[in-house]
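K.L.:
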Amino acid sequence: MPASRDTIESVKDAIYKSCLLLDDFKFKDWLELCDSDFTYAIVAYSPEIRRDMTYFSGDRKQLATMLDLLPKHNTDHSPLKRHATVYDVAVDDSGKTAEAITSVLIYQNMLDGINSHIDAGENRLFVVGRYLDTFRLNGGAPKFVRRHVRLETRRLDKGSHWPL
Amino acid sequence: MPSRNAAQWNTPPNSLRIDEFVDSRIYSDPAIFEEELEKIWKKSWLPVCHESELPEPYDFRTLTIAREPILVVRGPDNKIRAFLNVCPHRGMLIERRPSGSFLENQASGNPKHMTCMFHGWQFDMKGNCAMITREKEGYQDRLSRKDLGLRELRCETTFGNFVWVTLDDNNTQSVNDWAGDALACIQKNLDAEPLEVFHYHKAIIGTNYKLWHDTNSEFYHDYMHYFNRITGFTPEYFARKNVAHKNGHVVVGTFEVQYEKYQLGKSRAELSFPGLPPNQWFMVDLFPGANFNLRGSALRVDVMTPLSADTVMIEFRGLGLKRDTAEERMRRIEHHNSIWGPFGRNLHEDLLGVAGQGSAMLPGSEPRRIIQARHENETIHDEVGMRHFYQEWGRRMNRLPSDPTRKYMEAAE
Amino acid sequence: MAWKRVCSVDGFAANAVRKFTVDGVEVVAVNLGGDFRVIPPMCPHMEEPLGESGLYQDGVFTCTKHLWQWDLKTGAKTGVAERDIKMYRTKVEGGELLAFIDKPLEYEYVEE
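Following this line, the structure appears as structure tokens:
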């Protein structure tokens with residue numbers, strides 16, 4: 001039975017909501033969108049070593065701990081902002097899980113930069129990739145079970161302490 | 165202590181010896197940079213990649229050293245060779261991709277050959293010119309394939325089967341002659357079993373390559389890392405040695421890492437490298453700009469490619485054992501990533517440090533003293549590593565690091 | 578019994594060059610226009626896969642990498658080619674192209 005438009009829309013809503021929350025640094029609220037067994041990873045394929053790589057991984061608890069400790073870390077202050085478009089949502093036959101593919105571009109809005117006097121206010125593209133999300137559908141709002149941020153980008157310059 | 169006016173700022177304290185500071189112009193002067201490429205980067209051995217990046221015969225990798233394009237290829241005899249990635253005909257880059265296999269057919273060339281797409285000249289894996297299109301028609305008896313092989317570069321596969329290349333044919337030292345002393349502490353761990361690269365990323369940072377190398381050579385900057393402060397500053401930590409080796413290399417000694425205190429759960433004690441006791445660690449900083457960093461569960465290797473006085477590309481690799489099970493590999497990757505990954509704790513902070521230095525030492529900024537004066541019995545917060553590097557640098561460049569307008573002289577003891 | 582079935586003649590267009598694996602032996606078959614030839618899969622020059630790079634038109638078979646050419650009626654080289662092409666015996670029986678493949682025909686290539 002084909003998935004209802006409502007189900008598909010609710011999955012898209014969850015994805016876009018995650019982008020809003022991450023953009024606004026509302027990490028606790030973002031994790032609330034995720035189920036208790038949520039796992040997160042940033043992955044990429046490297047043509048240099050011709051291998052799939054995991055750049056970062058963690059479960060919900062590890063992410064929460066990491067995000068709690070963040071204020072104690074020296075970090076670049078330039079916020080990351082996302083532009084995302086959901087390309088595809090596939091709901092399985094049981095109607096209990098869904099998978100989505102979302103194209104995402106993540107920009108840095110420069111604040112510290114290298115020299116904030118010169119760099120602040122500029123936008124730079126940081127990474128390009130896709131959110132590959134898996135959801136549990138319980139009747140209420142879809143809950144994230146797994147997010148893989150599959151990056152094309154391997155030139156990561158200073159990197160980031162924040163989730164993508 | 166009071167702030168200083170310009171004259172006071174520019175006068176070194178009387179107690180500072182000439183090897184205890186460097187002049188920031190060594191990090192910012194474009195002419196010095198060009199000289200470094202000629203005198204240092206074109207003359208040193210560099211660990212450009214790992215053999216696991218080209219595992220099969222006919223596999224290749226491309227890279228650059230001091231702006232020269234290099235092709236590293238594994239022959240059908242399984243031996244890895246390096247060539248200038250330049251066609252002897254009209255100077256075209258022969259292979260444009262970062263990696264691949266010459267077993268595959270090419271648009272202008274045949275399997276088992278390197279083909280320059282421009283005029284279809286082909287070369288074999290030993291650098292022989294195998295084929296010149298319409299050779300006799302154009303060159304008659306004057307020029308032939310046998311005159312036009314590739315330029316082969318000295319290349320060794322060693323120390324964990326890293327591929328080392330030098331642009332200098334006159335460099336008669338082997339990698340072992342040059343860096344064997346410094347790498348001795350980890351050699352048996354690197355050579356015990358075949359290694360495999362599992363992590364690769366790159367950063368292009370607005371800073372001089374030596375500033376990144378300095379950060380890899382000194383650990384006083386552990387103050388910038390939250391977890392190092394709360395878990396790492398133990399008596400064992402402060403007892404670790406910071407040892408200078410010939411040819412400008414530096415080694416920092418072993419260290420019992422207290423991971424439990426850092427809320428990430430299980431100790432990393434279980435997984436290790438062959439022959440390396442759990443929770444031990446070695447860091448080898450090789451002149452002029454590579455770093456082997458072996459912790460309990462992952463080997464990290466950084467290699468730099470300086471692009472200009474104020475820009476450097478750093479390639480970051482993480483390695484495990486080829487025989488890792490999927491579970492062991494995932495644990496190594498997680499351990500590697502949590503500290504050294506691009507989205508982990510420490511690397512971002514280290515890069516912030518050197519990027520900030522770079523922004524304050526742009527070409528044309530005022531010459532400043534960069535102090536490297538810590539003496540602590542050659543233990544971990546001693547800055548002997550940097551002083552030793554700049555001794556070697558000064559000799560090779562024949563410039564005094566504390567005043568690069570003057571010729572090098574040994575620092576008065 | 579080394580006559581082996583390569584393929585059906587039906588649907589094999591004139592001038593087409595196609596690769597087949599016959600009992601583990603790779604071959605290339607060319608339709609000369611009613612007549613067929615079955616040859617080893619690689620060019621005798623530098624091992625170019627003829628299934629990808631071979632072109633048959635106007636009675637001439639060309640390897641498009643370095644433009645070696647042959648008269649496939651006989652396998653004889655023409656133009657700049659320096660070696661002949663080896664050929665398997667062929668016949669068409671009952672709408673099927675058969676080739677006599679006893680052991681694979683191979684060329685010797687210079688390896689440095």
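Protein chains in written order, with my numbering: chain L, 1 to 164; chain Y, 165 to 577; chain D, 578 to 689.
Every residue, glycine too, gets a C-beta built ideally from N, C-alpha and C.
What you are looking at is a predicted structure, and each value in this text was computed from that prediction instead of being measured.
For Glu48(L) versus Ser263(Y), is the C-beta distance shorter than 7 Å?
P.N.:
yes
K.L.:
Got a sec, what are the start and stop residues for the beta strand (DSSP E) Ala629(Y) sits in?
P.N.:
No statement about residue 629(Y) is possible, as the shown extent of chain Y runs from 165 to 577 and does not include it.
K.L.:
Name, in chain order, the residues that DSSP records as bridge partners for Leu151(L).
P.N.:
For Leu151(L), which the question treats as bridged, DSSP gives the partners Ala44(L), Gly129(L).
K.L.:
Verify the CB distance criterion: does Glu48(L) have a CB-CB separation below 7 Å to chain C?
P.N.:
Absent from the structure is chain C; the protein chains it does hold are L, Y and D.
K.L.:
I'd like to know whether the C-beta of Pro275(Y) is nearer than 7 Å to at least one C-beta of chain D.
P.N.:
It does; some Cβ of chain D falls within 7 Å.
K.L.:
Taking CB distances under 7 Å as the criterion, tell me whether Lys158(L) reaches chain Y.
P.N.:
Taking CB atoms only, Lys158(L) has a neighbour in chain Y less than 7 Å away.
K.L.:
Cα-Cα, which of Glu299(Y), Arg464(Y), Arg318(Y), His512(Y) is closest to Tyr649(Y)?
P.N.:
The requested residue 649(Y) does not occur in the structure, where chain Y is confined to residues 165 to 577.
K.L.:
Which one of Gly284(Y), Val329(Y), Arg168(Y) has the shortest CA to CA distance from Met623(D)?
P.N.:
Gly284(Y)
K.L.:
Cα separation between Leu649(D) and Glu268(Y)?
P.N.:
27 Å
K.L.:
Taking the alpha-carbon positions, what's the Tyr191(Y) to Glu215(Y) distance?
P.N.:
Spanning the two alpha carbons is a distance of roughly 33 Å.
K.L.:
Helix, strand or coil for His117(L)? Go by DSSP, reduced to three states.
P.N.:
His117(L): helix per DSSP, three-state reduction.
K.L.:
Could I get the ranges of all uninterrupted alpha helix (DSSP H) runs contained in the region 291 to 340 of chain Y, with 4 residues as the minimum, in chain order?
P.N.:
Complete alpha helix (DSSP H) runs here, min 4: 299 to 303.
K.L.:
Under the assumption that Ile196(Y) contacts Arg189(Y) (Cβ atoms under 8 Å), give the Cβ distance between them as a whole number of angstroms.
P.N.:
7 Å
K.L.:
Closer than 8 Å is the cut-off here; do at least three beta carbon pairs connect the region 91 to 100 of chain L with the region 125 to 138 of chain L?
P.N.:
yes
K.L.:
If we cut at 7 Å on Cβ distances, does Leu210(Y) have a partner in chain L?
P.N.:
no
K.L.:
Does the count of Cβ pairs from the region 483 to 492 of chain Y and the region 503 to 510 of chain Y closer than 8 Å reach three?
P.N.:
no
K.L.:
Please compile the residues from chain L whose C-beta is within a distance smaller than 8 Å of the C-beta of Glu217(Y).
P.N.:
Correct list: Glu48, Ile49, Arg50.
K.L.:
Could you tell me the boundaries of the beta strand (DSSP E) in which Ile595(Y) lies?
P.N.:
Limits of chain Y in this structure are 165 at one end and 577 at the other, which puts residue 595(Y) out of reach.
K.L.:
Short of 8 Å Cβ to Cβ, which residues in the region 59 to 89 of chain L face chain Y?
P.N.:
Gln62, Thr65, Leu69, Lys72, His73, Asn74, Thr75, Asp76
K.L.:
Applying the criterion that 16 or more other CB atoms from any shown protein chain within 10 Å of the CB defines a buried residue, is Asp223(Y) buried or exposed?
P.N.:
buried
K.L.:
I want to know whether the region 312 to 322 of chain Y touches the region 232 to 246 of chain Y - three or more CB-CB distances under 8 Å.
P.N.:
yes
K.L.:
Using only alpha-carbon positions, find the residue among Ala653(D), Tyr686(D), Trp580(D) that is nearest to Val637(D).
P.N.:
Ranked by how close their Cα comes to the Cα of Val637(D), the residues Ala653(D), Tyr686(D), Trp580(D) have Ala653(D) in first place.
K.L.:
What do you get for Leu20(L), buried or exposed, if any count of 16 or more other CB atoms within 10 angstroms of its CB means buried?
P.N.:
exposed
K.L.:
Assign Gln536(Y) to buried or exposed, taking buried as 16 or more other Cβ atoms, counted over all protein chains shown, within 10 Å of its Cβ.
P.N.:
With 16 or more other Cβ atoms from the protein chains shown falling within 10 Å of its own Cβ, Gln536(Y) counts as buried.
K.L.:
Can you tell which of Gly549(Y), Arg245(Y), Ser308(Y) has its C-alpha closest to the C-alpha of Gly291(Y)?
P.N.:
Arg245(Y)
K.L.:
Quick one: residues in its chain with C-beta nearer than 6 Å to the C-beta of Thr330(Y), no 5 flanking neighbours on either side, listed in chain order?
P.N.:
Trp209, Arg318
K.L.:
Check Lys276(Y) in the structure and name its three-state DSSP category.
P.N.:
coil
K.L.:
From Asn174(Y) to Arg532(Y), what does the alpha carbon distance come to, in whole angstroms?
P.N.:
7 Å
K.L.:
Going along chain L in order, which residues have a C-beta closer than 7 Å to the C-beta of His499(Y)?
P.N.:
In chain order: nothing, as chain L lies at least about 11 Å away.
K.L.:
Any beta carbon of chain D sitting closer than 7 Å to that of Asn269(Y)?
P.N.:
Yes, its Cβ sits closer than 7 Å to a Cβ of chain D.
K.L.:
Could you tell me whether the Cβ atoms of Phe507(Y) and Ile42(L) are closer together than 7 Å?
P.N.:
Remark: C-beta atoms of Phe507(Y) and Ile42(L) approach each other more closely than 7 Å.
K.L.:
What's the gap between the Cα of Cys280(Y) and the Cα of Gly313(Y)?
P.N.:
Looking at the two C-alpha atoms, the distance is approximately 13 Å.
K.L.:
Which residues, taken in chain order from the region 480 to 499 of chain Y, show a beta carbon closer than 7 Å to some beta carbon of chain D?
P.N.:
Of all residues in the region 480 to 499 of chain Y, none has a Cβ within less than 7 Å of some Cβ in chain D.
K.L.:
If I measure Cβ to Cβ from Tyr426(Y) and keep anything under 8 Å in the same chain, skipping five residues before and after, which residues do I get?
P.N.:
For Tyr426(Y), the pLDDT reaches just 46, beneath the cut-off of 50, and the residue's location in the model is therefore unreliable, leaving the point undetermined.
K.L.:
For the beta strand (DSSP E) that contains Thr655(D), what are its first and last residues?
P.N.:
653 to 655
K.L.:
Count the other CB atoms within 10 Å of the CB of Trp557(Y); is the residue buried (16 or more) or exposed (fewer)?
P.N.:
buried
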